[in-house]
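Worksheet for the structure shown next.
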């Protein structure tokens, strides 16, 4: 009889996440209760926010408990449904976590059309990362045509959509990424106006060259020294959408020096979590799906094969080892 | 023949301002040109922003040049007018700087009624500091009834109005000030709910006790360690109006550790300068003048006597030595 496989939180990380913080377990395939749906997951999304859930500290979401399945967005196919809106064979996206099979209430699942846009993309540009990009860029930064938008982690799932949306809306898009390969991709494939390789060791000078008119919008995914350097290049009345601070999740906080720029330049800086306002999802997904289907928004995936490889892929993601949206393929 | 006296910028400060950075000069009393008005200043306002104008660095305003009269807000009486809207004897507020006499275009002056509210108060609660408090508190922080507002430099010209306005609008007002005397005044005279003496050495613990439900709004005048500590107490969806960072004006930037709170708590942090949007002044002054005339907003003045004492009073202000709005009395 086929079993379910799942990865649970074995222990909390002290600083950097290690593979020993996870444990692969087998269990029976669960039965859906009333109004519930059993899903076979084909894709697991790996995202930086998961690092926060591994720690037992006050944050915007409750932590995963030791022994519980790791949280995560998934895309898969309905196996058995006790919910009137779903039938076996439907393709769905939901929060089923790091496991092959999962059960959810119908209300937690979203039926998707995988005929034009592939199933995996519903975890990327037309999923949570894409909506995150749309909300931070258009609701918080709100760039005007001709303004300069800088986005960190520019080749990633969120950053790549931020820059392409910025271009579509008439702004100048400048990416920051780690390594020449990623920067080439950001400019040549995604169409950003410029990209700065922060590993090249000349961040401040390269930033000045790439932003001759200063910076009007920052979409911040990374934090730390890069964020501090960007603060020093902001224009009056500029905006900063704080989406992530991935460089800070595993280490002592970087001591920021340039907060004075917030006052001098009357900057609006705002932190946000895409799940805070679910009313923004439908308009965001509608716009992005149009751009993806028409090829105006491109995306790239970094795929790990098999659930057992999820921990290593996640650790790599936290260190910038992914190149594009990090996924785990859960089916052959 | 009577002469004008003025204080000019003699040299730029290296770090802390010193009296040798200023020079008292005499000159002829100027003649007003077409549409200009000659004013005898009775009161000079001393404000932290003047520190920025003494340095030759990129900021929101052009610096004072060496040998030029120091900038500053003044309240006085028209001596001679070539402008149809002003006549000798009118009481006016304007930007005439650190001097006994000044000439300005009529458009730069505001006629005030000193019969109900004393002339000096038009440089304080019903002047630039009051409008600053109103804009930062009501436009940026926008506290809801029952929310907790924390304001730094709480006994000062801006902070005292912030807390009293917060109370009037139904919020809990917590001040931070330097010294037991100032804190007593903030609570007993101004009616704040609590005040923390940051010099008492228990900022974090005292803050926790004074804000049992966390912080929803910060009105920040000080920066540095106090600001960083406040960031650690912010509630989800809280707001920070960054009005000043006085602790940072004379020293190396304090390395901020708690910027992560902006993301975790989805904080909106916004820097502002009260002169950016002049359309906010009339509604602000109208509301505050009503509260001051009715005794709902109280204020306190720290008065230095005579122009020659302005440099020492300004240096004291930068170190928190003032107690209430710092003024210089320019007439006997």
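Protein chains in written order, with the numbering used here: chain Z, 94 to 425; chain B, 94 to 425. Don't be surprised by glycine CBs; every beta carbon is placed ideally from N, CA and C.
(1) Using DSSP with H/G/I as helix, E/B as strand and the rest coil, what is residue 140 of chain B?
(2) Take residue 314 of chain Z as the anchor and find which of Z/302, Z/355, Z/351, Z/256 has the nearest alpha-carbon.
(3) Which first and last residues belong to the alpha helix (DSSP H) in which residue 187 of chain B is found?
(4) If contact is defined by three or more beta carbon pairs under 8 Å, each pair taking one atom from either stretch, is the segment 406-417 of chain Z in contact with the segment 266-281 of chain Z?
(5) Between the alpha carbons of residue 191 of chain Z and residue 240 of chain Z, how many angstroms are there, rounded?
(6) In chain order, which alpha helix (DSSP H) runs of at least 4 residues are fully inside the segment 229-298 of chain Z?
(7) Would you say residue 194 of chain Z lies against chain B (beta-carbon separation less than 7 Å)?
(8) With a 10 Å radius around its C-beta and 16 neighbouring C-beta atoms as the bar for buried, classify residue 294 of chain B as buried or exposed.
(9) Taking C-beta pairs closer than 7 Å, name the residues in chain Z that residue 369 of chain B reaches, listed in chain order.
(10) Cutting at 8 Å between CB atoms, please list the residues of its own chain near residue 354 of chain B, excluding the five before and the five after it.
(11) Less than 7 Å between the beta carbons of residue 167 of chain Z and residue 189 of chain Z, yes or no?
(12) Quick one: which unbroken beta strand (DSSP E) runs of 3-plus residues sit fully inside the segment 142-224 of chain Z? Chain order, please.
(13) Which same chain residues end up closer than 8 Å to residue 185 of chain B when comparing Cβ atoms and leaving out the 5 residues on each side of it in sequence?
(14) Can you confirm whether the segment 387-406 of chain Z touches the segment 112-128 of chain B when touching is taken to mean that 3 or more C-beta pairs between the two stretches lie within less than 8 Å?
(15) Looking at C-alpha atoms only, which residue of B/174, B/221, B/343 is the closest neighbour of residue 375 of chain B?
(16) In chain B, which residues lie with their C-beta within 8 Å of the C-beta of residue 353 of chain Z?
(17) In angstroms, rounded to a whole number, what distance separates the CA positions of residue 218 of chain Z and residue 381 of chain Z?
(18) So is residue 216 of chain Z in contact with chain B if we call contact Cβ pairs under 7 Å?
(19) Buried or exposed for residue 383 of chain B, going by 16 or more other Cβ atoms inside 10 Å?
(20) I want to see whether chain Z comes within less than 7 Å of residue 153 of chain B, judged by CB atoms only; does it?
(21) Determine the direct distance from the alpha carbon of residue 270 of chain Z to that of residue 299 of chain Z, and round the result to whole angstroms.
(22) Give the single residue among Z/95, Z/134, Z/351, Z/349 whose Cα lies nearest to the Cα of residue 212 of chain Z.
(23) Is DSSP giving residue 309 of chain Z helix, strand or coil here?
(24) Is the Cβ-Cβ distance between residue 98 of chain Z and residue 400 of chain Z less than 7 Å?
(25) Given that residue 269 of chain B touches chain Z, what residues does it touch there, using C-beta distances under 8 Å?
(26) Could you pull the DSSP bridge partners for residue 354 of chain B from this structure?
(27) Going along chain Z in order, which residues have a C-beta closer than 7 Å to the C-beta of residue 335 of chain B?
(28) Decide if residue 160 of chain Z is buried, meaning its Cβ has at least 16 other Cβ atoms within 10 Å, or exposed.
(29) Who pairs with residue 383 of chain B in a beta bridge, going by DSSP?
(30) Note down the Cα distance separating residue 227 of chain B from residue 181 of chain Z, rounded to an integer number of angstroms.
(31) Using 10 angstroms around the beta-carbon of residue 236 of chain Z, count the other beta-carbons present and answer buried if the total reaches 16, otherwise exposed.
(32) Does chain B have any CB closer than 7 Å to the CB of residue 298 of chain Z?
(33) Suppose the cutoff is 7 Å on Cβ atoms and the five residues either side in sequence are ignored; what does the same chain contact list for residue 426 of chain B look like?
(34) Please classify residue 358 of chain Z as buried or exposed, where buried requires at least 16 neighbouring CB atoms within 10 angstroms.
(35) Determine, using beta carbons only, whether residue 362 of chain Z comes closer than 7 Å to chain B.
(36) Run through DSSP, which three-state label would residue 128 of chain Z get?
Looking at the coordinates:
(1) coil
(2) Comparing Cα-Cα distances from residue 314 of chain Z to each of Z/302, Z/355, Z/351, Z/256, the minimum goes to Z/256.
(3) Unbroken run through residue 187 of chain B is the beta strand (DSSP E), 184-187; no alpha helix (DSSP H).
(4) yes
(5) Their backbone Cα atoms lie some 40 Å apart in a straight line.
(6) 250-261, 273-277
(7) no
(8) exposed
(9) Within 7 Å Cβ-Cβ: 359.
(10) 324, 325, 327, 360
(11) Yes, Cβ-Cβ distance for residue 167 of chain Z and residue 189 of chain Z is below 7 Å.
(12) 167-174, 184-187, 194-198
(13) 130, 132, 168, 169, 170, 171, 179, 202, 203, 204, 205
(14) no
(15) B/221
(16) 316, 338, 341, 346
(17) Annotation: residue 218 of chain Z to residue 381 of chain Z spans about 7 Å, alpha carbon to alpha carbon.
(18) No, because no Cβ of chain B sits closer than 7 Å to the Cβ of residue 216 of chain Z.
(19) exposed
(20) By this cut-off, residue 153 of chain B is an interface position.
(21) 12 Å
(22) It is Z/134.
(23) Residue 309 of chain Z: strand per DSSP, three-state reduction.
(24) yes
(25) Here the premise fails: no neighbours, minimum Cβ distance about 18 Å.
(26) DSSP, once it has assigned bridges, lists no residue as partnering residue 354 of chain B.
(27) Against chain Z, a Cβ distance below 7 Å from residue 335 of chain B picks out 355, 356.
(28) exposed
(29) Residue 383 of chain B is bridged by DSSP to nothing; it lacks a bridge partner.
(30) 60 Å
(31) buried
(32) no
(33) The question about residue 426 of chain B has no answer here: the residues shown for chain B are numbered 94 through 425.
(34) buried
(35) yes
(36) coil
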